[in-house]
Each structure stands twice: as structure tokens, then as C-alpha cells.
Ligand code: SGN
Ligand code: CA
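In my numbering, the protein residues as written are 267 to 807.
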């Protein structure tokens with residue numbers, strides 16, 4: 267009996283004890299988990315690419331959807347980088363794993379799913395953005411970017427050793443991931459399944475594409491989202507606090523790639539624009555020349571006309587420049603996804619491998635006039651999620667399950683036949699993935715969300731909330747409304763998917779508001795969410 271057959275049999279025995287005969291996976295699958303940073307559904311063609319339908323093409327990600335399952339209602343528990351990553355590793359809400367805001371230090375001693383897989387005999391590897399301050403643990407090999415990571419010539423920490431590589435970060439991560447797959451495939455064929463986490467930095471700010479993508483979107487315009495010109499406080503006073511407006515908060519050079527001294531001679535240059543000199547110093551000369559060739563003409567025309575432009579015209583200009591470079595960096599990620607799928611084919615392990623593509627959260631591509639994330643509103647709360655698992659997941663299937671990033675750990679453990687620890691707070695998506703009747707409804711009918719990082723970038727107030735299939739209630743932790751009670755927002759997602767009409771406090775929606783508040787309290791209890799600063803604020807009299 268070869269070692270692979272033995273391990274397959276052992277795994278099958280273990281899993282049949284755990285799940286009952288019908289659900290035992292036949293083999294222990296390899297897992298390739300690919301995650302982008304800030305990649306929204308609006309920019310992915312299998313999701314309709316609402317930012318530019320018919321113009322944005324993401325064939326790599328689309329292939330996973332075509333050969334697997336597309337989740338249409340996936341969301342995150344907290345739409346910000348480090349907290350989302352910690353939730354993915356632990357299967358817990360942020361208050362439970364302790365990493366609720368960027369800049370904290372993840373307690374790497376705690377239980378994570380890579381550690382559990384490793385213990386069960388998986389080889390575990392991690393390549394790309396980590397952003398959890400503490401060193402990775404639970405991995406046999408890691409190559410992580412320092413902090414946010416740079417777009418060009420980035421420093422990686424390879425198994426604890428710092429090394430600067432030359433090239434564009436998306437391609438470097440891709441090259442490394444595919445090189446690792448060669449060795450991992452060998453091991454898998456000899457009976458050691460693997461977990462490979464590939465975490466891209468793109469399309470995170472400050473949107474510096476590889477030159478091969480600069481020609482994309484050069485012609486034509488990216489359509490403005492319908493809510494682009496919504497007043498910041500259209501939904502509630504909370505919206506007026508943020509500093510993530512395209513018209514006001516993008517930096518000229520750092521974000522928009524225009525030298526501000528050519529627009530406003532003699533005026534002081536912003537801190538981010540001064541910082542951009544460090545970024546540019548790392549960009550290879552040919553790439554700098556390519557950026558220049560792409561933007562120079564438009565930049566010169568802007569310098570000529572900026573004094574005559576209306577604020578609305580200028581906002582439109584900024585949106586185009588920002589959105590195009592964002593989409594170009596995202597294209598590099600899609601190239602990588604396609605390349606990883608081809609590598610799995612070439613290595614002959616595609617049939618034994620689960621491939622996931624997701625993002626650490628969604629993103630504002632101009633909706634409400636914003637960039638960035640953080641809010642529980644749909645653009646940042648929802649996240650792309652496609653999963654291919656040959657033999658288990660029906661090709662071309664879709665799901666409306668209320669899946670969350672909270673569920674990855676549990677899902678991978680079940681797929682590997684490893685017992686899911688009782689203190690994990692998510693649920694395995696395996697029943698949904700394998701198309702078990704009623705699994706979508708059984709997963710959950712409401713999700714809990716909590717954003718904590720009100721200080722620092724983009725000044726979004728702390729909030730928590732509950733979302734069901736049809737409605738969403740947001741409660742601000744530190745803000746009170748005119749009635750002296752915590753500020754609330756309420757939306758009917760079934761009739762108002764863009765959340766443009768806040769129904770909180772309206773008499774005719776009082777029953778829905780009460781019901782949603784009760785749901786929120788129930789979830790807070792279920793997840794043991796902290797009461798902290800809200801102190802006396804409760805909904806049950
Ligand atoms: C940086 C960015 C912000 C971004 C945060 C968090 N500014 O501070 O725009 O919201 O990261 O991003 S930048 O000037 O450094 O680009 S996250 O992905 O790490 O959560
Ligand atoms: Ca992110």
C-alpha cells in the first residue's frame with residue numbers, strides 16, 4: 267500500500283467517525299487559499315463587475331467560479347485588514363482573538379487553523395501580506411511582507427530572515443507561490459497534503475500597477491457609481507465624520523500620480539506626497555518612465571485647466587485616475603490567480619486541491635464618493651468568495667449563504683477531517699459547498715459585525731451591527747442621536763440594496779427596528795461581544 271493510500275484511508279476513517287459516512291471526504295485535499303487586499307466584487311467580472319461591466323475582465327477568478335461555487339452574500343466580521351486576517355486564522359470574532367484594530371499585535375500563541383492542520387499532518391506555508399505584527403506561527407515555511415508591504419522592490423521576511431527582492435510585489439508573490447507549489451505537489455503525491463496561503467498586497471492603496479497593465483482602461487471612462495455624489499451625511503450624521511472622500515482625501519502624488527507643485531506652485535505639499543518620494547525611489551527606471559508616459563499628457567492638461575474646473579468636474583477626474591490604477595493593480599492579482607490554476611493543472615494536483623479566492627474585505631470604488639473600507643455598508647462589508655473543489659463542489663454553482671470570513675477555519679478543518687474546536691465561532695461551509703439540502707438556510711440567518719478602529723486613518727466611527735438577508739441595522743458605539751440614544755441606521759436590503767434610505771427612527775419601520783435590535787442583542791450574547799464603552803446602552807429595557 268503506498269503512503270498516500272494509507273493516509274487517505276486513515277483520514278477517511280477519522281472523518282467518518284466525525285461526520286457520519288455520508289459526509290466523509292474521500293481524501294484529504296490540499297488547500298490553496300488566495301486572498302487579495304481590498305479587492306471588491308464591483309471589480310470582478312464573475313460578479314458582474316458593476317464598476318465597469320464588460321470592460322473589467324478577471325478570467326482567473328472567473329475560472330474558479332465557473333469550475334466551482336460563487337458566494338454572492340459573503341461578508342466579513344470587521345472590514346479592515348489585520349482584524350480580518352486574524353479572524354480567518356482563528357475562526358473567531360475580533361473581541362475573541364484580541365486583534366480588533368490594525369497596529370495591535372496578534373497573539374501568535376493562540377489556536378489557529380494552520381496549527382491544527384499542521385498537527386494533523388498537513389504541510390503549511392504562507393506567502394505574502396501578513397500584517398499581524400507578531401511572527402507567523404503554525405507554518406512550516408513563510409515569506410511575509412514587512413507591514414503593509416511595498417509595491418516595488420519589497421522587503422520580505424523569509425522564515426525570520428529579512429531580504430529585499432527586486433520587482434513588482436504582485437509578481438514576486440506569484441512567482442514564489444508557484445515555485446513553492448512545485449515542492450508541495452511532490453509532497454502531496456507522497457501523502458503529505460498541504461495548505462498554501464497566498465496573500466497579495468494589491469489592489470491596496472497606493473495603487474502602483476505593473477507597467478504591463480497600464481494600457482488597460484486607457485480609452486474610455488469608468489462609470490460613476492449612482493451614489494457617487496451622495497452627500498456624506500445622506501444616511502446619517504456618522505457619514506460626515508469620515509476622511510475617505512475621493513474629492514477631498516486622496517493625495518495628489520501618492521494616490522493620483524500628479525505632482526502637486528505643477529498644479530499649485532508655491533503651496534505646501536501634503537505629508538503623503540512628501541512620503542511618495544520614498545516610494546518612487548524604489549520604482550525601477552523603466553516603470554517610472556511607463557507611469558510617466560501613461561499619465562503625463564493628462565496631468566499637463568489638468569494643470570492647464572484645474573483653475574476653471576468645477577468641484578464636480580475635479581471629483582470626476584480624480585475618480586477616473588484612482589479607479590483605473592486600482593483596477594490595473596487588481597489585474598495583476600487576477601493574472602496570478604489564473605497562473606496558480608494553470609500551475610495546479612501542470613503539476614497534476616488540481617483534482618486534489620481546494621482553491622479559494624477572496625479578499626480581506628470589500629472596498630469603496632466610488633460608491634458614496636468614497637475610497638477605503640471599514641464601514642458595515644455593503645461595498646466594504648461584502649467580500650468576494652469563490653471556491654473550487656473538484657468532485658465535491660458543483661461547477662458553476664452559486665450560493666446565497668450568509669458566509670463570513672469567520673467560517674474559513676472551520677471549513678478547512680472539516681474538509682481535512684480535523685475536529686473543529688468548540689471555541690471557534692464560525693461554521694463550516696462544507697455542507698453549503700457540497701450542496702446539501704437546506705445547508706444555506708441552516709448556516710445562519712444573521713451575521714454580527716463590529717468595527718473598532720475609529721482613531722487613525724479615515725476616521726470612521728466605531729460601530730457594530732446585524733445583517734440578515736433582507737435588512738441591516740448599524741449602531742454607533744460612541745455616537746448618540748438627537749433622541750439621546752445610540753445613533754442607529756436601518757436599511758431594507760431587499761428594496762434598497764445601495765442603502766440610500768436610512769429607515770431608523772421612522773414610525774412605520776418601528777417593528778423592523780425593534781426586531782433587528784433584538785437580533786443584534788441575541789448575536790452579541792451568542793458571540794460574547796463586549797459591552798465596553800457603550801456601558802449603559804442596552805436595548806432591552
Ligand atoms: C494605510 C492606508 C489607509 C488604509 C489603512 C488600512 N494609508 O493606513 O488608506 O485604510 O492602511 O489598510 S496609506 O497612506 O498607508 O496608504 S489595511 O488594508 O491595512 O487595513
Ligand atoms: Ca485590506
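Cβ coordinates follow ideal geometry from the N, Cα and C atoms, glycine included.
In chain order, the residues with a C-beta atom nearer than 5 Å to some heavy atom of ligand 2 are 303, 304, 347 and 626. DSSP places residue 611 inside the alpha helix (DSSP H), whose first and last residues are 577–613. Of the candidates 606, 641, 420 and 657, the residue whose Cα lies closest to the Cα of residue 447 is 606. Distance from the CA atom of residue 513 to the CA atom of residue 501, rounded to whole angstroms, is 19 Å. Note that the C-beta distance between residue 637 and residue 471 is below 9 Å. The residues 390 and 404, in chain order, have a CB closer than 6 Å to that of residue 384 in the same chain once the five nearest residues on each side in sequence are set aside. Taking a cut-off of 8 Å on C-beta distances, the segment 449–460 does not touch the segment 484–503, as fewer than three cross pairs fall below it. Taking non-hydrogen atoms of ligand 1 into account, the C-beta of residue 670 is found less than 8 Å away from none of them.
In this structure, residue 753 sits near residue 742, with a CB-CB distance shorter than 9 Å. Within the same chain, Cβ atoms closer than 6 Å to the Cβ of residue 596 are found at 305, 309 and 469, the five residues on either side in sequence being excluded. For residue 775, DSSP records no beta bridge to any residue.
DSSP lists 393 and 424 as the bridge partner or partners of residue 409. CA-CA distance, residue 374 to residue 439, rounds to 23 Å. Sequence-distant Cβ neighbours of residue 417 in its own chain, meaning closer than 6 Å and more than five residues away, are 435 and 474. Of the candidates 505, 548, 550 and 560, 560 places its Cα closest to the Cα of residue 522.
The distance from the Cβ of residue 465 to that of residue 395 is about 4 Å, consistent with a contact at the 8 Å cut-off. Here residue 520 has 472, 538, 539 and 542 as same chain residues with Cβ atoms under 6 Å from its own Cβ, once five neighbours each way along the sequence are excluded. In its chain, beyond the 5 residues on either side, 393, 462, 464 and 606 have a beta carbon closer than 7 Å to the beta carbon of residue 443. For residue 722, the distance from the CB to the nearest heavy atom of ligand 1 is below 8 Å.
Around the beta-carbon of residue 635, 16 or more other beta-carbon atoms lie within 10 Å, marking it buried. Using a Cβ distance threshold of 9 Å, residue 343 and residue 690 do not count as a contacting pair. When beta bridges are read from the DSSP output, residue 752 appears opposite 746. Taken in chain order, the complete alpha helix (DSSP H) segments of 4 or more residues contained in the segment 282–354 are 325–333. Inclusion of residue 781 and residue 589 in the CB contact set at 9 Å is not warranted, their separation being larger than that value.
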